[in-house]
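Peer 1: Just dropping this structure here.
Residue numbers (my numbering): 19 to 314.
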């Protein structure tokens with residue numbers, strides 16, 4: 019077992035583990051840590067605890083100290099400088115006529131480097147821009163091209179649900195999201211209805227994915243022959259979340275349909291091919307390539 023403390027460098031960002039190195043660090047304490055890119059200011063979002071060493075990438079870097087008043091003041095000064103650097107960089111991008119959009123600027127705590135995050139449709143030759151920025155800020159300059167999901171996470175916005183974007187409010191890391199998840203949940207395959215502010219598939223498709231997978235495995239396939247309390251029939255549709263199936267029954271007077279709980283029927287013969295367990299909410303024809311572009 020190893021002692022760790024979880025540190026986050028942005029309000030909603032990935033949590034990194036560090037060794038407390040004998041310091042009495044509590045949750046929400048501001049700390050100064052050593053990272054791969056230098057000394058950084060962060061917040062302890064996970065208090066001191068022990069976890070198995072096999073779950074860690076050893077050796078752990080150490081927390082240098084709990085942040086002092088002077089450290090907090092320096093951090094706040096850096097935040098103010100980032101706003102000025104943002105304005106300067108936007109002017110230089112326009113001067114060089116570069117096809118890129120500046121998203122965020124970040125100073126390392128020790129001021130040894132300034133990072134500029136941007137988006138662009140393709141590769142950008144920003145060598146002259148870097149030279150200009152280096153001559154102005156007199157420190158190392160790094161430009162990082164990020165994706166549209168990261169842009170949404172940094173800038174924030176309001177989702178179609180009326181709440182702040184999940185990635186900007188509580189999601190520390192992005193999870194893979196696929197068109198398959200939308201199909202399994204019976205959602206419309208219209209890109210406008212299943213994509214978020216970033217233009218990619220909504221992160222919330224992932225939240226109930228495990229529950230849908232469990233139910234799909236539990237439920238029989240559409241077209242299966244089943245035995246019901248009043249005789250044999252064929253499943254023609256189902257309500258996945260309610261765990262109910264609609265069965266077409268052959269009777270003396272013709273055919274009828276009944277709805278049963280899945281536990282009240284017995285599968286006699288499964289359909290050879292699994293048909294989709296839920297009806298798609300909107301059968302509008304959509305270009306499959308357009309759907310694939312929504313995935314990461």
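Positions of the beta carbon are idealized from the N, C-alpha and C atoms, including for glycine.
Between the Cα of residue 198 and those of 128, 231, 109 and 240, spot the shortest distance and give me the residue it belongs to.
Peer 2: Residue 198 has its Cα closest to that of 231, out of 128, 231, 109 and 240.
Peer 1: Which of the three DSSP states is assigned to residue 178 in this structure?
Peer 2: Note: residue 178 maps to coil in three-state DSSP.
Peer 1: Shortest alpha-carbon distance to residue 287 belongs to which of 263, 130, 245 and 139?
Peer 2: Considering only alpha carbons, the answer is 245.
Peer 1: Under 7 Å Cβ to Cβ from residue 166, same chain only, skipping five residues before and after it: list those, please.
Peer 2: Within the same chain, residue 166 has close Cβ partners 137, 216, 217 and 218.
Peer 1: Residue 173 lies in the alpha helix (DSSP H); which residues open and close that run?
Peer 2: Unbroken alpha helix (DSSP H) run through residue 173: 166 to 173.
Peer 1: Which same chain residues, not among the five before or five after residue 170, have their C-beta less than 8 Å away from its C-beta?
Peer 2: Here the set comprises 183, 185, 186, 214, 215 and 216.
Peer 1: When you compare the region 124 to 139 with the region 45 to 58, are there three or more beta-carbon pairs, one atom per stretch, that lie closer than 8 Å?
Peer 2: Cβ pair count under 8 Å is three or more, so yes.
Peer 1: Sort out for me which residues DSSP pairs residue 60 with in a bridge.
Peer 2: 49.
Peer 1: Between 248, 80, 239 and 148, which lies nearest to residue 134 when the distance is taken from Cα to Cα?
Peer 2: Per the Cα distances, 148.
Peer 1: Does the beta-carbon of residue 111 have 16 or more other beta-carbons within 10 angstroms, so that it is buried, or is it exposed?
Peer 2: Its Cβ being crowded by 16 or more others within 10 Å, residue 111 is buried.
Peer 1: Taking the continuous beta strand (DSSP E) assigned at residue 4, which residues delimit it?
Peer 2: Lying outside 19 to 314, the shown extent of the chain, residue 4 is not represented and no answer is given.
Peer 1: With a Cβ-Cβ cutoff of 8 Å, do residue 275 and residue 262 count as a contact?
Peer 2: No, they are not a contact pair.
Peer 1: Strictly by DSSP, which residues pair up with residue 55?
Peer 2: Note: residue 55 sits in no beta bridge, so no partner.
Peer 1: Which residues in the same chain have their Cβ closer than 6 Å to the Cβ of residue 254, if we skip the five residues on either side of it in sequence?
Peer 2: So the list reads 264 and 266, once near-sequence residues are dropped.
Peer 1: Which one or two residues does DSSP pair with residue 279 in a beta bridge?
Peer 2: BP columns for residue 279 point to 262.
Peer 1: Relative to the alpha-carbon of residue 222, which residue among 50, 193 and 282 has its alpha-carbon at the smallest distance?
Peer 2: Closest by alpha carbon: 193.
Peer 1: In the DSSP output, what is residue 235 paired with across the bridge?
Peer 2: Answer is none; residue 235 lacks a bridge partner.
Peer 1: Sorted by chain position, which residues of the same chain lie with C-beta nearer than 6 Å to residue 123's C-beta, five sequence neighbours on each side aside?
Peer 2: Taken in chain order, the residues that qualify are 100, 103, 104 and 134.
Peer 1: CB-CB under 7 Å to residue 120, same chain, minus the five flanking residues each way: which ones, in chain order?
Peer 2: Cβ neighbours of residue 120 beyond the five flanking positions: 104, 107, 108, 111, 134 and 136.
Peer 1: Give the secondary structure of residue 225 by DSSP, where H, G and I count as helix, E and B as strand, and everything else as coil.
Peer 2: Coil, per DSSP.
Peer 1: Roughly how many angstroms separate the alpha carbons of residue 207 and residue 312, rounded to a whole number?
Peer 2: In a straight line, the C-alpha of residue 207 is about 11 Å away from that of residue 312.
Peer 1: Starting from residue 155, trace the alpha helix (DSSP H) both ways and give me its first and last residue.
Peer 2: First-last of the alpha helix (DSSP H) with residue 155: 145 to 155.
Peer 1: Helix, strand or coil for residue 136 per DSSP?
Peer 2: Three-state result, residue 136: strand.
Peer 1: Return the residue from the list 48, 75 and 210 that minimises the CA-CA distance to residue 82.
Peer 2: Of the candidates 48, 75 and 210, the one whose C-alpha sits nearest the C-alpha of residue 82 is 48.
Peer 1: Going along the chain, which residues of its own chain have a beta-carbon closer than 7 Å to the beta-carbon of residue 241, five neighbours each way excluded?
Peer 2: So the qualifying residues of the chain are 252, 253, 289 and 293.
Peer 1: Check for me: the alpha helix (DSSP H) holding residue 106 runs from which residue to which?
Peer 2: Residue 106 -> alpha helix (DSSP H) spans 87 to 114.
Peer 1: Here's the rule: buried if 16 or more other CB atoms are within 10 angstroms of the residue's CB, otherwise exposed. What is residue 117?
Peer 2: So residue 117 counts as exposed.
Peer 1: Is the separation between the beta-carbon of residue 142 and that of residue 159 shorter than 8 Å?
Peer 2: Not a contact, by the Cβ cut-off of 8 Å.
Peer 1: Measuring straight from C-alpha to C-alpha, what distance separates residue 35 and residue 78?
Peer 2: Going by the C-alpha atoms only, they are around 7 Å apart.
Peer 1: Let me see if you follow: with CB-CB separation under 8 Å, is residue 217 close to chain C or not?
Peer 2: In the structure shown, chain C cannot be found, because there is only a single protein chain.
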